[in-house]
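Visitor: Shown below is the structure under consideration.
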Amino acid sequence: MGGGLESPYVGGVPRWDALYRARAEEVSDARPTLTGDVFTGVKLPGRTGTVKARTVAVLQHPCSMRTDGVEISWQVLVAEVKSRREIPEANWGTGFFNLMPLPDLMPGEATRTRHQAADFDNLYTVTPSLLTSRTACLSPFGVNILLQRWVHYSSRVVVPTHDFQSVTQAFYEEADLIEEWCDDAPGDLRTETEACVRWLRADRGDGTYQERLKDPQAHSMVRRAMRAELKTRRSSPN
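Going by this note's numbering, the sequence shown opens with residue 44, and the numbers climb by one from there.
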């Protein structure tokens, strides 16, 4: 059990940075909430009912969180994240199946809190209003590792990360585009997110840009089109 589970080690050397797109001050408020995002300060009850500020990681797929592309559903599935000693390379595939290790999640912290892990045995559904302080976003590889471990723990099936990549790359690319759009555009975050989603979903006669994102070969074309659209909007008197 667990054979084939992947890790961020290469030749015995940990490549923890490969798991993350952004941490701490690198995280942009303009980025939509995605699978694997880590939030701190979420007040939730524990097993004894004691409410305290906890750290959580989002487990839900973006399409089930946000059917209209903007508004997050009233409840989001998350797993509690706690401090955990660094898990050796050999143990990523032979144990700790209930965990998504998050080594070096807090690189500026003391050794005791530097390494963390999301615990699939400590699950919550939370309202989006509680998810206000995001401290990390996973990379595509990090998201795929999380999905691999979550699916394996739930089903004992090992799905290669490249299979997850084939179905996650479109929504990850869309999140990148929305973040870039909102960072560039002058309006408020919600207004610009809605504008970007409308632009991505607009029918252009031969489909939508959102549909084209399913083809990795079209990503650069869609990005160029978006930048041209933003340039036109900036130069428009309205």
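Glycine included, C-beta positions come from ideal geometry on N, C-alpha and C. Note that the structure is predicted; figures quoted are calculated from it, not measured.
(1) Can you tell which of Val124, Ala133, Glu216, Glu222 has the C-alpha that lies nearest to the C-alpha of glycine 84?
(2) Could you give the DSSP three-state label for asparagine 134: helix, strand or coil?
(3) Compute the distance between the beta-carbons of glutamate 220 and tyrosine 167, then report whether it is under 9 Å.
(4) Using alpha carbons as the reference points, say which of Pro259, Thr76, Gly92 lies closest to valine 99.
(5) Using CA atoms only, rank isn't needed, just tell me which of Thr236, Glu69, Ala160 is closest to arginine 128.
(6) What does DSSP give as the partner residues of valine 56 in its beta bridges?
(7) Work out the CA separation of valine 265 and valine 94 for me, nearest whole Å.
(8) What three-state label does DSSP hand arginine 241 in the structure shown?
(9) The beta strand (DSSP E) spanning valine 121 covers which residue range?
(10) Exposed or buried, what is serine 278 when buried is set at 16 or more other beta-carbons lying within 10 Å of its beta-carbon?
Guide: Considering the structure as presented:
(1) For glycine 84, the closest C-alpha among the options Val124, Ala133, Glu216, Glu222 is that of Val124.
(2) Here asparagine 134 carries a helix assignment [DSSP, helix/strand/coil].
(3) Note that residue 220 is leucine in the sequence shown, not glutamate. Not closer than 9 Å, so no.
(4) Closest by alpha carbon: Thr76.
(5) Of the listed residues, the one whose Cα sits closest to arginine 128 is Ala160.
(6) According to DSSP, which records beta bridges pairwise, valine 56 is partnered with Val53.
(7) CA-to-CA, the gap between valine 94 and valine 265 works out to about 45 Å.
(8) Here arginine 241 sits in helix by DSSP.
(9) Looking at the DSSP string, the run of the beta strand (DSSP E) that includes valine 121 is 119–126.
(10) Around the beta-carbon of serine 278, fewer than 16 other beta-carbon atoms lie within 10 Å, marking it exposed.
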